[in-house]
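Chains as they are written, first to last, in my numbering: chain A, 18 to 331; chain B, 18 to 331.
2 protein chains.
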Amino acid sequence: MISRSEVQSAAQRIRPHCHITPIMTSASIDQLAGCKVYFKCDHLQKAGAFKSRGAVNAVFSCSQEEIRYGVCTHSSGNHGAALARAARLRQVPAFIVVPQAANPLKMEAIEQYGGQLVICDNSLEARSSKLEEIRLQTRAREIPPYDDPLIIAGQGTAALELIDQVADLDSILVPVGGGGLLAGAVLAANSAIKVYGAEPDQADDAHRSFHTGTRVLSHQPNTLCDGLLTTLGELNFEIISDGAEDILLVSETQIIESMEFIWRYLKQLVEPSSAVVLAAIITHRDLFTGQKIGVVLTGGNVDYRNLPFTAPPD
Amino acid sequence: MISRSEVQSAAQRIRPHCHITPIMTSASIDQLAGCKVYFKCDHLQKAGAFKSRGAVNAVFSCSQEEIRYGVCTHSSGNHGAALARAARLRQVPAFIVVPQAANPLKMEAIEQYGGQLVICDNSLEARSSKLEEIRLQTRAREIPPYDDPLIIAGQGTAALELIDQVADLDSILVPVGGGGLLAGAVLAANSAIKVYGAEPDQADDAHRSFHTGTRVLSHQPNTLCDGLLTTLGELNFEIISDGAEDILLVSETQIIESMEFIWRYLKQLVEPSSAVVLAAIITHRDLFTGQKIGVVLTGGNVDYRNLPFTAPPD
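Pasting the structure below:
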């Protein structure tokens with residue numbers, strides 16, 4: 018089992034290649050939420066998402082020999098762009114398997130960082146089999162998106178910084194997809210601060226896994242949160258079961274409303290996956306009333322040409 | 018004539034009530050622009066725009082006696098919200114005359130800060146006559162949106178901070194509507210740094226005024242930049258004629274493209290009026306190649322339910 022010290026090592030390893038992202042607050046949001054919310058702005062991280070932390074940690078933990086044929090992964094977007102960037106820093110190729118329904122802006126970002134896009138069908142099964150094909154063909158080293166100790170430790174640095182930047186937090190809340198960030202936050206908090214996951218109720222595998230004690234391995238997600246479509250990883254599930262407080266569910270309506278609050282009051286362009294944390298605070302407000310809560314805004318790669326906001330009536 | 022020392026006094030006066038806003042940069046934008054661009058984030062200012070600087074400076078320069086019946090103004094939005102907020106800090110009412118075509122989010126913001134909305138027709142003439150009516154009726158003190166030494170000095174504090182935050186700037190570029198920010202920047206720079214205005218070519222009164230030496234008093238603007246519809250103020254024109262380097266024109270297409278660059282690369286929700294500065298750098302790139310340029314992102318009160326971005330073809 019990995020621990021807080023792996024997260025601390027990751028923080029040192031990624032320092033030259035990742036930002037220490039700022040914290041933002043809004044009096045209007047605090048009033049809406051009934052507590053003090055500290056937004057850790059990882060949508061301002063390199064490549065526009067916290068995923069750069071794990072990707073850089075994993076890639077820079079490899080010897081040049083280990084990645085001489087490059088790296089590969091499957092991703093709905095942000096891990097792919099982060100891995101393409103990390104590979105470019107090491108001057109090796111990156112092969113990124115992306116489902117065809119992925120956000121087009123995220124695909125553009127992967128190519129912009131020099132990654133080679135490989136489009137596949139949308140199911141998790143199709144992603145896995147296409148990745149296996151690419152891996153055998155290129156001999157590139159697989160860098161998984163979440164189910165990996167180096168990725169978990171890397172993502173945990175976001176929570177480590179947050180704890181360092183805001184004194185006396187009562188709780189930390191992060192979105193949960195594959196569980197890299199949530200597992201990393203559990204390790205970083207090390208039982209000193211309560212750590213919650215937030216998940217769309219239309220993609221509730223982590224909630225069900227957490228409450229039944231058995232990891233849900235496949236589901237049919239139906240959510241705007243394109244970063245939260247995957248099921249929990251094995252190691253992630255282990256760490257989360259052991260140390261997370263709960264996985265809180267939120268509706269799509271509440272996600273869109275919370276995204277609008279963040280846009281309007283913080284003026285920050287975050288993607289729907291980032292908005293689940295504020296949605297969870299508002300939906301489950303009794304849990305948090307009067308607290309100091311740290312949340313991670315995970316990514317800013319929103320397709321602003323295709324937004325969920327409804328035009329007001331004329 | 019006012020000078021840099023009035024801007025310095027304004028900086029002290031507004032300190033308790035306004036943010037010192039951060040500077041952001043983007044390697045991708047620098048590459049696009051061919052120079053180093055330092056974005057002064059006044060869309061993160063109180064009430065979401067630099068206008069809070071001038072409004073607070075003007076309102077806090079008044080005695081309680083002078084504003085006992087409140088304050089009033091006409092505004093397409095940001096000055097109105099800023100004035101409503103400043104009035105609330107002094108616990109007096111604010112009457113804000115707003116053209117009916119104004120951005121609905123800006124109207125909501127005025128009401129949120131406790132301002133009383135008075136809707137009028139869209140012409141500058143209609144705004145002026147409605148304001149005069151309100152002023153006589155309420156005896157509220159008029160706080161003009163730009164043509165006023167206290168407003169100009171207040172807006173100039175954005176440039177004063179920018180110069181303090183970024184060493185060795187070659188040029189400063191700000192949007193020009195009524196000319197409060199541009200005149201303030203000219204005073205703050207005090208001939209040590211070149212100061213340019215940027216203006217939509219569909220609202221080019223400042224450009225024409227600057228180049229003919231005669232202030233254009235009425236025009237028919239046709240631009241997305243709802244913050245840049247007014248003509249130059251008299252005092253503003255005097256200061257700008259005396260000290261600005263040039264007023265650079267940009268097309269609507271370039272404004273939309275630059276707004277998209279700022280959204281995509283800075284992840285900052287800025288309104289179209291803010292994007293004219295980057296548009297000017299890109300349109301007139303030979304002027305700025307290799308320079309260090311400070312620009313002010315003036316506001317973030319964009320109507321995100323009604324965006325100019327075109328959906329990509331399916």
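Every residue gets a Cβ at the ideal spot worked out from N, C-alpha and C, and that includes glycine.
Exposed or buried, which one is residue i when buried takes at least 16 other CB atoms within 10 Å?
{"i": "S80(B)", "result": "exposed"}
{"i": "R32(B)", "result": "exposed"}
{"i": "R30(A)", "result": "buried"}
{"i": "G230(B)", "result": "exposed"}
{"i": "M276(B)", "result": "buried"}
{"i": "N323(B)", "result": "exposed"}
{"i": "A119(A)", "result": "buried"}
{"i": "I136(A)", "result": "exposed"}
{"i": "N74(A)", "result": "buried"}
{"i": "I46(B)", "result": "buried"}
{"i": "E142(A)", "result": "exposed"}
{"i": "A296(B)", "result": "buried"}
{"i": "D165(B)", "result": "buried"}
{"i": "Q129(B)", "result": "exposed"}
{"i": "Q108(B)", "result": "exposed"}
{"i": "D243(A)", "result": "buried"}
{"i": "H228(B)", "result": "exposed"}
{"i": "T248(A)", "result": "buried"}
{"i": "P330(B)", "result": "Here P330(B) scores only 44 on pLDDT, less than 50, and its place in the model should not be relied on; the value that follows carries that caveat. Its Cβ having fewer than 16 others within 10 Å, P330(B) is exposed."}
{"i": "T174(B)", "result": "buried"}
{"i": "L100(B)", "result": "buried"}
{"i": "I84(B)", "result": "buried"}
CA-CA distance, residue i and residue j?
{"i": "A98(A)", "j": "S92(A)", "result": "9 Å"}
{"i": "A170(A)", "j": "V54(A)", "result": "24 Å"}
{"i": "I168(B)", "j": "P162(B)", "result": "7 Å"}
{"i": "D59(B)", "j": "N95(B)", "result": "12 Å"}
{"i": "A336(A)", "j": "N318(A)", "result": "Residue coverage of chain A in this structure runs from 18 to 331, which leaves residue 336(A) outside it and unanswerable."}
{"i": "T42(B)", "j": "K309(B)", "result": "11 Å"}
{"i": "C89(A)", "j": "I151(A)", "result": "8 Å"}
{"i": "F67(B)", "j": "G196(B)", "result": "13 Å"}
{"i": "K384(B)", "j": "L179(A)", "result": "Chain B is shown only over 18 to 331; residue 384(B) falls outside these bounds and no answer can be derived."}
{"i": "S69(A)", "j": "L314(A)", "result": "13 Å"}
{"i": "A104(A)", "j": "I127(A)", "result": "11 Å"}
{"i": "E269(B)", "j": "A72(A)", "result": "39 Å"}
{"i": "A292(A)", "j": "I279(A)", "result": "8 Å"}
{"i": "R225(B)", "j": "L234(B)", "result": "11 Å"}
{"i": "P192(B)", "j": "A176(A)", "result": "38 Å"}
{"i": "K147(A)", "j": "E255(A)", "result": "27 Å"}
{"i": "P217(A)", "j": "P121(B)", "result": "30 Å"}
According to DSSP, residue i sits in a beta bridge with which residue or residues?
{"i": "T90(B)", "result": "I113(B)"}
{"i": "L266(A)", "result": "E216(A)"}
{"i": "A66(A)", "result": "G316(A)"}
{"i": "E159(B)", "result": "C89(B)"}
{"i": "C58(A)", "result": "L314(A)"}
{"i": "I40(B)", "result": "K57(B)"}
{"i": "K309(A)", "result": "K53(A)"}
{"i": "Q285(B)", "result": "Q285(A)"}
{"i": "K211(B)", "result": "S188(B)"}
Along the chain, where does the beta strand (DSSP E) containing residue i start, and where does it finish?
{"i": "I136(B)", "result": "Q133 to C137"}
{"i": "P192(B)", "result": "S188 to P192"}
Between which two residues does the alpha helix (DSSP H) containing residue i stretch?
{"i": "F227(B)", "result": "D222 to T229"}
{"i": "F254(A)", "result": "E251 to G260"}
{"i": "F305(B)", "result": "R302 to F305"}
{"i": "D181(B)", "result": "P166 to Q182"}
{"i": "K123(A)", "result": "P121 to Q129"}
{"i": "E23(A)", "result": "R21 to I31"}
{"i": "V203(B)", "result": "G197 to A206"}
{"i": "N95(A)", "result": "N95 to L106"}
Candidates the options: which alpha carbon is nearest residue i's?
{"i": "V114(A)", "options": "Q129(A), A103(A), L265(A) and N139(A)", "result": "N139(A)"}
{"i": "P325(A)", "options": "M124(A), I272(A), K309(A) and E150(A)", "result": "I272(A)"}
{"i": "D222(B)", "options": "A202(B), V203(B), G201(B) and L246(B)", "result": "L246(B)"}
{"i": "I19(A)", "options": "C137(A), L252(A) and T306(A)", "result": "L252(A)"}
{"i": "E159(B)", "options": "H36(B), G87(B), H224(B) and V24(B)", "result": "G87(B)"}
{"i": "R302(B)", "options": "L234(B), A44(B) and V267(B)", "result": "V267(B)"}
{"i": "L190(B)", "options": "I210(B), L177(B), G214(B) and L204(B)", "result": "G214(B)"}
{"i": "P39(A)", "options": "S22(A), R21(A) and L61(A)", "result": "L61(A)"}
{"i": "G260(A)", "options": "A206(A), V312(A) and G311(A)", "result": "A206(A)"}
{"i": "N239(B)", "options": "Q219(B), S258(B) and I257(B)", "result": "Q219(B)"}
Does any heavy atom of the ligand ATP sit closer than 7 Å to the C-beta of residue i?
{"i": "Q29(A)", "result": "By its list of ligands, the structure shown contains no ligand whatsoever, and the ligand ATP lies outside what it can speak to."}
Please list the partners that residue i has in chain E, where partner means a Cβ-to-Cβ separation under 7 Å.
{"i": "G317(A)", "result": "The chain labelled as chain E is not found among the protein chains of the depicted structure, namely A and B."}
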